[in-house]
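Engineer:
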Amino acid sequence: MKTYKEINEKIKAGNAVVVTAEEIIDIVEKEGAKKAAEMVDVVTTATFGPMCSSGVFLNFGHSDPPIRISKLWLNDVPAYAGIAAVDAYIGATELAENMRSNEIYGGAHVIEDLIKGKEIRFRAIGTGTDCYPKKDISGYINLADLNEAFMLNPRNAYQNYAAAINLSKEKKETYMGTLLPNGSNITYSTSGELSPLMNDPEFKTIGIGTKVFIGGAQGHVAWNGTQHNTLKDKVNGVPTSPGGTLTLIGDLKEMKPEFIKAAYYKGYGVSLFIGVGIPIPILNEEILLRTAVKDEELFTNIYDYGVGERSRKSVGLVSYKELKSGFVNINGKKIRTAPLSSMKKAREIANILKEQIKSGDFLLTEPSAELRQNTSTKPMKLKEEK
Amino acid sequence: MNNTRLTLYFPPDLTCKAFTYDLVKEYDWKINIIKASISEGQEGRLLMEVDTSSEKLKEGLEYLSNSGIEVKNLEKQVYIDRDECISCGACTGVCLPGALEMDKNTWELVHNPEKCIVCGLCESACPIGIIKIGF
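As given, the protein sequences belong to chains E and F, one line each in that order. Throughout the first sequence, residue numbering follows numbering that gives the first Met the number 0, covering 0 to 385 in sequence. Throughout the second sequence, residue numbering follows numbering that gives the first Met the number 0, covering 0 to 134 in sequence.
#1: What would DSSP say about residue 0/F, mapped onto helix, strand or coil?
#2: So what does residue 308/E bridge to, in DSSP terms?
#3: Can you tell me whether DSSP reads residue 351/E as helix, strand or coil?
#4: Report buried or exposed for residue 0/F, applying the criterion of at least 16 other Cβ atoms within 10 angstroms of its Cβ.
#5: Comparing C-alpha positions only, which one of 325/E, 330/E and 329/E sits nearest to residue 339/E?
#6: Report back the beta-carbon spacing between residue 247/E and residue 148/E to the nearest angstrom; my notes put them in contact at under 8 Å.
#7: Write down every uninterrupted run of the alpha helix (DSSP H) in the stretch 24 to 78 of chain F whose length is 4 residues or greater and which is fully enclosed by it, in chain order.
#8: Which residue or residues does DSSP assign as beta-bridge partners of residue 140/E?
#9: Which same chain residues, not among the five before or five after residue 20/F, have their C-beta less than 8 Å away from its C-beta?
#10: Note down, in chain order, every chain E residue with its Cβ under 8 Å from the Cβ of residue 103/F.
#11: Would you report the Cα separation of residue 49/E and residue 48/F, rounded to the nearest angstrom?
#12: Going by DSSP in three states, residue 335/E sits in which element: helix, strand or coil?
#13: For residue 198/E, go through chain B and note every residue whose CB falls closer than 7 Å to its CB, in chain order.
#14: Are any of the Cβ atoms in chain E nearer than 8 Å to that of residue 123/F?
#15: Counting C-beta neighbours from all protein chains within 10 Å, is the total for residue 414/E 16 or more, i.e. buried, or is it exposed?
#16: Name the chain E residues whose beta carbon is nearer than 9 Å to that of residue 23/F?
#17: Give the interface partners of residue 115/F over in chain E, defined as CB-CB distance under 7 Å, in chain order.
#18: Checking the sheet assignment: what are the DSSP bridge partners for residue 43/E?
#19: Closest Cβ-Cβ distance between residue 89/F and chain E: below 8 Å?
#20: At the 8 Å Cβ level, is residue 28/F part of the contact set with chain E, yes or no?
#21: Counting only the same chain and skipping the five closest in sequence on each side, list residues whose C-beta sits under 6 Å from that of residue 103/E.
#22: Going by other Cβ atoms of all chains shown within 10 Å of its Cβ, with 16 needed for buried, is residue 128/E buried or exposed?
#23: In angstroms, rounded to a whole number, what distance separates the CA positions of residue 258/E and residue 274/E?
#24: With distances taken Cα to Cα, identify the nearest neighbour of residue 307/E among 315/E, 221/E, 165/E and 142/E.
#25: If I follow the unbroken beta strand (DSSP E) through residue 254/E, where does it start and stop?
#26: As a quick exercise: from 366/E, 351/E, 359/E and 203/E, pick the residue whose alpha carbon is nearest that of residue 214/E.
#27: CA-CA distance, residue 292/E and residue 280/E?
#28: Could you check whether the Cβ of residue 297/E sits closer than 8 Å to any Cβ belonging to chain F?
#29: Going along the chain, which unbroken runs of the beta strand (DSSP E) with 3 or more residues stay wholly within the stretch 180 to 259 of chain E?
#30: By the DSSP assignment, the beta strand (DSSP E) with residue 90/E in it spans what residues?
#31: Does the stretch 55 to 74 of chain F come close enough to the stretch 296 to 316 of chain E that 3 or more CB-CB pairs lie under 8 Å?
#32: So for residue 299/E, helix, strand or coil by DSSP?
#33: Is residue 96/F close to chain E, meaning its C-beta is less than 8 Å from at least one C-beta of that chain?
#34: Can you look up residue 130/F in the DSSP assignment and give me helix, strand or coil?
#35: If the cut is a Cβ gap below 9 Å, which residues of chain F does residue 186/E touch?
#36: I think residue 46/F touches residue 3/F, with their Cβ atoms under 8 Å apart; what is that distance to the nearest whole Å?
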């Protein structure tokens, strides 16, 4: 048994033993769980995938004369300004107005351009009040000009995600990529045995306040994510469909372009790749054993995205070992599989986080509260209009 | 014998001539046409796999060059900006011939141009828009 305090003391002294969630598998196999739990202090997990439910809060500072912004556009992308005078939120999936036919630009691109330090065209209107007389304003701003810019993502780091197939006769362009007709390909989007919430499936260490790597910055878990569901069917203690989620927060000014990337899925729209890394303190043997989970022990359902309904049929349960092999056998047919989240970048993040902890640049934070438990996701419940 | 993938570019005034026939009859090219795009008044393009001896391949290429037809190797048809590529893998899902694959150890994108049929699906499947097709 170890405590956060003891682990942080070892990190500060430069003595902490830190390994990635892939490396821990061999260590546990060689040394056994008991010895490995004593040896290893922290296991790093990571993912780098498209996470649509993301965006940034911005504060622009006051103009003279001041304006109470009611509508705002950044590079022609509408940002939500229905909060105090010069505060706004730009969502990743918002599309630019007046785009030319072959042009793709959205909130995710604004966020990436801000991180890259580019100048952004700012255009705002207000109603004009006694205390905020100005009615319109425009010009250019960059990230350094802003008072605050922090990313607050309502749903990141999904604990597992369904794999996708298309059994219809037409090609489908989806947020799960291009799905060829007649079940010709399967896509999936998690880093499996390296994925944060797959390695702490019961949220024993990941809670509100946990310090995380987000987009190259040190951020925190702010809350459970939207659609956080702890009651999904499980195999080996891990959900076999989308389960827990996290709301993450981090300072945009500390983020790096290599860990935040705007994306566009044809026929679906704009999304944002986010690099997330979460350290798991090895407080005891039970926590350690969870981090030693392997791709062959992690499963997901394959759903038919050829059906445009909420309740899609599961075509089958498949392990991440099979998905990552490049082919899956379904009813005797060998079907090509492809990832949508980058294992290469996830590994890079897990290793960076490992080095940051080893060198004392990243201390662990004990959660101030647990994430919500025993909760499931409801469908939309609309009452009829009268 | 030689298996080579080539793209032939026909200027507008040459699209009506039967060069493929000459290549088969006179130069012994065993041709598998993968993709063709010729419209009247515009440049024509023909992607083919050629099976012949090195000597006959060279002679046929000379014939095409002397006739005013530009020929490019397939490697130059698909451009991937490797500096920007994040190796997410989305393009590999639509590449059924296996020209784009993930290395199962490094999880980096691997490009095998010799398997490419220039279908163009990878270009639209790439979420960060760094694949460009030249066909």
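C-beta atoms are modelled at their ideal positions from N, C-alpha and C, and glycine is treated no differently.
Structural biologist: In brief:
#1: Residue numbering aside, residue 0/F sits at position 1 when the second sequence is read from its first letter. Low confidence applies to residue 0/F: its pLDDT is 48, below 50, so where it sits in the model is not reliable, and the reading given next is rough at best. In the structure shown, residue 0/F sits in coil (DSSP, three-state: anything other than H, G, I, E or B).
#2: Within the first sequence, residue 308/E is the residue found at index 309, counting from 1. Residue 308/E is not bridged to any residue.
#3: Within the first sequence, numbered from 1, the residue matching residue 351/E stands at position 352. Three-state DSSP puts residue 351/E in a helix.
#4: Here the question's residue 0/F lines up with position 1 in the second sequence. Unreliable placement is indicated for residue 0/F, whose pLDDT of 48 sits below 50; no coordinate value is reported for it.
#5: Taking the first residue of the first sequence as position 1, residue 339/E is located at position 340. That would be 325/E, whose Cα lies nearest to the Cα of residue 339/E.
#6: If you number the first sequence from 1, residue 247/E lands on position 248. If you number the first sequence from 1, residue 148/E lands on position 149. Contact doesn't hold; Cβ gap of about 15 Å is too wide.
#7: 53 to 65
#8: To locate residue 140/E, count along the first sequence from 1; it is residue 141. The partner list for residue 140/E (beta bridge, DSSP) reads 119/E.
#9: The residue given as residue 20/F occupies position 21 in the second sequence. None.
#10: Along the second sequence, one-based indexing puts residue 103/F at 104. Ordered by position in chain E, the residues that pass the 8 Å Cβ test against residue 103/F are 323, 324 and 325.
#11: Taking the first sequence and counting its residues from 1, one reaches residue 49/E at position 50. Taking the second sequence and counting its residues from 1, one reaches residue 48/F at position 49. Taking the straight line joining both Cα atoms gives about 37 Å.
#12: Position 336 of the first sequence, counting from 1, holds the residue named residue 335/E. DSSP places residue 335/E in strand when its eight states are reduced to three.
#13: Here chain B cannot be found, since the structure's protein chains are E and F.
#14: As a position in the second sequence, residue 123/F is number 124, starting the count at 1. So yes, residue 123/F belongs to the interface.
#15: This structure cannot settle anything about residue 414/E, because the visible part of chain E is limited to 0 through 385.
#16: Counting from 1 along the second sequence, the entry for residue 23/F is found at position 24. Simply none; closest approach about 33 Å.
#17: Here the question's residue 115/F lines up with position 116 in the second sequence. The premise fails here: residue 115/F is roughly 16 Å from chain E at the closest Cβ pair, so nothing lies under 7 Å.
#18: As a working mapping, residue 43/E is identified with position 44 in the first sequence. According to DSSP, which records beta bridges pairwise, residue 43/E is partnered with 19/E and 278/E.
#19: Walking along the second sequence from the start, residue 89/F turns up at place 90. Yes, contact with chain E.
#20: Position 29 of the second sequence holds residue 28/F. With 8 Å as the cut-off, residue 28/F does not count as an interface residue toward chain E.
#21: The residue given as residue 103/E occupies position 104 in the first sequence. Excluding sequence neighbours, residue 103/E sits near 263.
#22: Here residue 128/E refers to the residue found at position 129 when the first sequence is read from its first residue. So residue 128/E ends up on the exposed side.
#23: Here residue 258/E refers to the residue found at position 259 when the first sequence is read from its first residue. Here residue 274/E refers to the residue found at position 275 when the first sequence is read from its first residue. Using only the alpha carbons, I get a separation of about 5 Å.
#24: Residue mapping note: residue 307/E aligns to position 308 of the first sequence, counting from 1. Out of 315/E, 221/E, 165/E and 142/E, 165/E has the C-alpha closest to the C-alpha of residue 307/E.
#25: Here residue 254/E corresponds to residue number 255 of the first sequence, with the count starting at 1. No beta strand (DSSP E) contains residue 254/E, which DSSP labels as neither H nor E.
#26: Taking the first sequence and counting its residues from 1, one reaches residue 214/E at position 215. Closest by alpha carbon: 351/E.
#27: Counting from one through the first sequence, the residue named residue 292/E turns up at place 293. Counting from one through the first sequence, the residue named residue 280/E turns up at place 281. For residue 292/E and residue 280/E, the distance between alpha carbons rounds to 15 Å.
#28: Stepping through the first sequence from its first residue, residue 297/E is reached at position 298. Not closer than 8 Å to any Cβ of chain F, the Cβ of residue 297/E fails to qualify, so no.
#29: 184 to 187, 210 to 213, 216 to 223 and 245 to 250
#30: Counted from its first residue, the first sequence places residue 90/E at position 91. First-last of the beta strand (DSSP E) with residue 90/E: 86 to 90.
#31: no
#32: Taking the first sequence and counting its residues from 1, one reaches residue 299/E at position 300. In the structure shown, residue 299/E sits in a strand (DSSP, three-state: E or B).
#33: Working through the second sequence from its first residue, we reach residue 96/F at position 97. No - not a single Cβ of chain E is within 8 Å of the one on residue 96/F.
#34: In the second sequence, the residue the question calls residue 130/F occupies position 131. Looking at residue 130/F - three-state DSSP - the assignment turns out to be strand.
#35: What you label residue 186/E is simply residue 187 of the first sequence in a count that begins at 1. Here the neighbours are 88, 89 and 92.
#36: Indexing the second sequence from 1 puts residue 46/F at position 47. Indexing the second sequence from 1 puts residue 3/F at position 4. The pair is not a contact, with the Cβ atoms about 12 Å apart (cut-off 8 Å).
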